[in-house]
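According to the numbering used here, the stretch in the sequence shown is residues 194 to 447, in order. Where a beta carbon is used, it is the ideal one built from N, C-alpha and C, also for glycine. Taking it in order: structure first as structure tokens, then the write-up.
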Amino acid sequence: MDIGVDGQRFVLIFSRVAAILWFLPLFSSKAVSVPFRAGLSLLISFLFFDSIGGNLVLGNDPYQLLLLIVKEVFIGLIISFFVRLLFAGVDAAGKIISLQSSFSFAQFMDPLTMTQVSVIEQFKNLMAMMFFLAIDAHHVIIRAMYVSFRDVPIGTVVVQPSLLQYLISATGKIFGTGLRIGAPVIVTLLLVELALGMLSRMIPQVNIFVEGVPIKILLTMIMFSLSLGVVVPGIVGIFRGLDGEILRIFRLMV
194 MDIGVDGQRF VLIFSRVAAI LWFLPLFSSK AVSVPFRAGL SLLISFLFFD SIGGNLVLGN
254 DPYQLLLLIV KEVFIGLIIS FFVRLLFAGV DAAGKIISLQ SSFSFAQFMD PLTMTQVSVI
314 EQFKNLMAMM FFLAIDAHHV IIRAMYVSFR DVPIGTVVVQ PSLLQYLISA TGKIFGTGLR
374 IGAPVIVTLL LVELALGMLS RMIPQVNIFV EGVPIKILLT MIMFSLSLGV VVPGIVGIFR
434 GLDGEILRIF RLMV
């Protein structure tokens, strides 16, 4: 056992694991303390240590070690970035609905993200988080951490143009899925806006802004309840193919 080589290897493993955990939607919130994230990263790194890079030989050059750490952090950030994209698709649907339905007028501080959100946004985000855990997608992330060291060994990452193209195309697909999830409510609100616009032309005396807000809020709640049969499978479908998509990203890194 070479303490120097093993110590460097552990630092590199920890760098990748910590980069993944630090920016995952579940662990990046203010509710999860920094010591907990650091401790969990250390624990997972210890569990992975014996089976990863047993024959790895590193030089004593600190600049080489620093470069390898940067590469490991980059791999971790790519994985966590892709997972955050999945949640961003759901969040985008919530923001569009909130803006159209006037729910965005009443916002509150989300203690998890420390940002201003509407009720619809918070509800959709909590649904996404709940289904993420319910289908054991967090287990997929842990498994992906381990598999990443097999498919993308320490220090071998190469940023291929195809990787960037894939991430860009995946972003479009995910946001498209998010829009489809919110489509029933979004289309209904567009029709309501059209009807209110026509009404304001026919009866100018009616204050459409004042009268339209409660109508849009009521229809939003009704349509949101009726469309749960579409929303729930849509959110679950976003997370179902997570393992395959992550493996594809690994193949594009080498």
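Buried or exposed, going by whether 16 or more other CB atoms sit within 10 Å of the CB of residue i?
i      : result
Met194 : At Met194 the pLDDT is 48, less than 50, meaning the model places this residue with poor confidence and gives no usable figure here.
Leu411 : exposed
Ala327 : exposed
Asp329 : exposed
Gly375 : buried
Met391 : exposed
Ala337 : buried
Phe432 : buried
Pro407 : exposed
DSSP three-state call for residue i: helix, strand or coil?
i      : result
Ile345 : Contrary to the premise, residue 345 reads as Val rather than Ile in this sequence. The answer is coil: DSSP assigns Val345 none of H, G, I, E or B.
Gln315 : helix
Gln398 : coil
Ala224 : coil
Ile367 : helix
Gln358 : helix
Leu440 : helix
Gln353 : coil
Could you give the C-beta distance for residue i and residue j, rounded to a whole number, given that I count them as a contact under 8 Å?
i      : j      : result
Val429 : Phe296 : Going by Cβ atoms, the distance from Val429 to Phe296 rounds to 24 Å, so no, they are not a contact pair.
Ile206 : Ser238 : 5 Å
Ile268 : Arg209 : 5 Å
Ala281 : Leu372 : At roughly 12 Å, the Cβ-Cβ gap does not stay under 8 Å, so Ala281 and Leu372 are not in contact.
Phe274 : Ser341 : Phe274 to Ser341, Cβ: 14 Å. No contact.
Based on Cα-Cα distance, which residue from the options lies nearest to residue i?
i      : options                        : result
Gln469 : Phe242, Ile271, Leu219         : This structure gives no information on residue 469, because the portion of the chain shown stretches from 194 to 447.
Ile262 : Ser355, Ala321, Val333, Ile347 : Ile347
Phe441 : Val423, Ile271, Gly422         : In the sequence under discussion, the amino acid at residue 441 is Arg, which differs from the Phe named in the question. Looking at the Cα atoms, Ile271 is the closest of the given residues.
Ile213 : Tyr256, Val333, Pro397         : Val333
Ala211 : Arg230, Lys409, Thr413         : Arg230
Gln358 : Met446, Lys264, Lys223         : Met446
Ala321 : Gln398, Val406, Val283, Arg394 : Val283
Lys366 : Gly422, Leu240, Lys223, Leu278 : Leu278
Val403 : Leu258, Val198, Leu260, Ser294 : Ser294
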